[in-house]
Amino acid sequence: KQWYQRRVAITAGESSNMGNIVTVGPHECCIVSGGCCGTQGKSYVIGGWAWAWWCVSQVDKISMRIITLTPTISSVETKEGVALTCSGVAQVCVMKEPQMLEFAAEQFVGKNQADLEDIILQTIEGHFRAILGTMTVEDIYSDREGFAKNVRAIAGPDVSKMGIRIISFVIQNITDNVDYLKSLGVKRAAEVKRDADVGVAKSTAESGIKTSEAEREHMQAKYSCDALIAENKKSYEMKQAEFNQEVNKSKAEAELAYELQAAKENQTIKKEKSTDCDSALIPLL
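In this note's numbering, the protein residues as written are 9 to 293.
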């Protein structure tokens, strides 16, 4: 056991005399190139450690943090020849894919952070300027998101060749020296007010039409209801007249039958009286 411990200590001591362990946090990439026996490959480590041989290994580091850039272009003419000054905010970072790390190492190892930011900024500003020249002021003014999307779409492939990803890009400010944007804003405000007035007028007209239609439908319903009431009343009165006629007829027939029966009864009574009188006179004779 003691022999093993001494052997481990000797090995560690020999290793410490042959190289170093290099550690990096999650926000950095350690690039170890070279090595013993003419090694040509590179080792890329993010948030870990790597072994670097003395004298034959080179250690470089690249920041993986998000970089904020403010690309600005001044007095660039649009498609219509109006000179605009535009500024934006871009968030970029080094990509973590192995091939992209290799691209970034080739482009930026040995350069300081300011040089890295300047290279990326100039690339984005170049595309920023080129795209602005293909658009009208109205398109830029009304669709800033579309303008920024075009810049991201066209500048993205170029900076990716350097191992850089554009995380986001937004247009921050647009100005001009001839008050073109101001007049455009006044024109747009007038158009909005005009559209609002037209909308109110249309709404009022439609409301009047709807009211008239509702009133007409109401009157039609009322007239239909009145006609139905009149028809029902007429039918009721006719039925009532028929009923009264039948009642009166029945009364007349009943009265006539009564009178006939009374007349028959009277005749019968008279006959009986006459017979009684004749019977009374016979003995006297």
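For each residue, glycine too, the CB sits at the ideal point set by N, CA and C.
Note that the structure is predicted; figures quoted are calculated from it, not measured.
(request) Run the CB neighbour count on I175, radius 10 Å, all protein chains shown included, and call it buried at 16 or more, exposed below. (result) For the purposes of this step, residue 175 is taken as residue 167 along the sequence shown, with counting starting at 1. So I175 ends up on the exposed side.
(request) Please name the residue or residues paired with C94 in a DSSP beta bridge. (result) Walking along the sequence shown from the start, residue 94 turns up at place 86. C94 pairs with I81 and I182.
(request) Compute the distance between the beta-carbons of I162 and I139, then report whether it is under 8 Å. (result) Looking up residue 162 in the sequence shown gives position 154. Looking up residue 139 in the sequence shown gives position 131. Yes, the Cβ-Cβ distance between I162 and I139 is below 8 Å.
(request) Under 8 Å by Cβ, that's how I've got S95 and T80 pegged, so tell me the actual separation to the nearest angstrom. (result) For this step, residue 95 is matched to residue 87 along the sequence shown. For this step, residue 80 is matched to residue 72 along the sequence shown. Between T80 and S95 the Cβ distance is about 4 Å, and since that is below 8 Å, they are a contact.
(message) Here's the rule I'm using: 16 or more other beta-carbon atoms within 10 Å means buried, otherwise exposed. How should L92 be labelled?
(response) Taking the first residue of the sequence shown as 1, we reach residue 92 at position 84. The residue in question, L92, is buried, as its Cβ has 16 or more Cβ neighbours within 10 Å.
(message) Would K104 and I54 be called neighbours here (beta carbons separated by less than 8 Å)?
(response) To locate residue 104, count along the sequence shown from 1; it is residue 96. To locate residue 54, count along the sequence shown from 1; it is residue 46. Against a cut-off of 8 Å, the Cβ pair of I54 and K104 comes out as a contact.
(message) Does G164 come out as helix, strand or coil in the three-state DSSP assignment?
(response) As a working mapping, residue 164 is identified with position 156 in the sequence shown. In this structure, G164 counts as helix in the three-state DSSP scheme.
(request) Could you check which residue in K69, G141 and D147 has the C-alpha nearest to that of A113? (result) Working through the sequence shown from its first residue, we reach residue 113 at position 105. Distance check between A113 and each of K69, G141 and D147 places K69 closest, using alpha-carbon atoms only.
(message) Across the segment 179 to 186 and the segment 214 to 227, are there enough close Cβ pairs to call them in contact, namely three or more that are closer than 8 Å?
(response) Not touching, per the Cβ criterion.
(message) For Q66 and G27, which I take to be in contact (beta-carbon distance under 8 Å), what is that distance rounded to the nearest angstrom?
(response) Within the sequence shown, numbered from 1, the residue matching residue 66 stands at position 58. Within the sequence shown, numbered from 1, the residue matching residue 27 stands at position 19. About 12 Å separates the two Cβ atoms, so there is no contact after all.
(request) Pick helix, strand or coil for D126, following the three-state DSSP scheme. (result) As a position in the sequence shown, residue 126 is number 118, starting the count at 1. Of the three classes helix, strand and coil, the one that applies to D126 here is helix, per DSSP.
(request) Kindly indicate the opening and closing residues of the beta strand (DSSP E) around D68. (result) Translated into positions along the sequence shown, residue 68 becomes position 60. Start and end: S65 to S71.
(request) Tell me, please, which residues DSSP counts as bridged to Y52. (result) Walking along the sequence shown from the start, residue 52 turns up at place 44. Beta-bridge pairing links Y52 to I39.
(message) Taking only three categories from DSSP, how would you classify G27?
(response) As a first step, residue 27 must be located in the sequence shown, where it is residue number 19. G27: strand per DSSP, three-state reduction.
(message) Can you find the residues in the same chain that come closer than 7 Å, C-beta to C-beta, to A60, ignoring five residues on each side of it along the sequence?
(response) What you label residue 60 is simply residue 52 of the sequence shown in a count that begins at 1. Excluding residues up to 5 positions away in sequence, G27, N28, V30, V40 and V67 lie with their Cβ nearer than 7 Å to the Cβ of A60 in the same chain.
(message) My output table needs one value for T283: the three-state DSSP class, helix, strand or coil.
(response) By one-based count along the sequence shown, residue 283 stands at place 275. Helix.
(request) To the nearest angstrom, report how far apart E261 and Q275 are at their CA atoms. (result) As a working note, residue 261 is residue 253 in the sequence shown. As a working note, residue 275 is residue 267 in the sequence shown. The alpha-carbon separation between E261 and Q275 amounts to approximately 21 Å.
(request) Determine, using beta carbons only, whether F155 and M170 come nearer to each other than 8 Å. (result) Translated into the one-based positions of the sequence shown, residue 155 becomes position 147. Translated into the one-based positions of the sequence shown, residue 170 becomes position 162. The answer is no: Cβ separation not under 8 Å.
(request) Tell me the start and end of each unbroken alpha helix (DSSP H) in the segment 214 to 254 that is at least 4 residues and wholly inside, in chain order. (result) none
(message) So, under 8 Å CB-CB, A58 and C37 are touching, yes? Tell me the CB distance rounded to an integer number of Å.
(response) In the sequence shown, counting from the first residue as 1, residue 58 sits at position 50. In the sequence shown, counting from the first residue as 1, residue 37 sits at position 29. No, A58 and C37 are not in contact; Cβ-Cβ is about 10 Å, not under 8 Å.
(request) Give every residue of the same chain whose Cβ lies closer than 8 Å to the Cβ of G298, excluding the five residues on either side of it in the sequence, and list them in chain order. (result) Residue numbering for the chain in the displayed model covers 9 to 293; residue 298 lies beyond these limits and cannot be assessed.
(message) Is it buried or exposed, F136, if we count other Cβ atoms within 10 angstroms and call 16 or more buried?
(response) Here residue 136 corresponds to residue number 128 of the sequence shown, with the count starting at 1. By the 10 Å Cβ count, F136 comes out buried.
(message) By the three-class DSSP mapping on this structure, what secondary structure does I148 have?
(response) Residue numbering aside, residue 148 sits at position 140 when the sequence shown is read from its first letter. The answer is helix: DSSP assigns I148 an H, G or I state.
(message) With H, G and I counted as helix, E and B as strand and the rest as coil, what does DSSP make of I277?
(response) Here the question's residue 277 lines up with position 269 in the sequence shown. DSSP places I277 within a helical segment (H, G or I) once states are collapsed to three.
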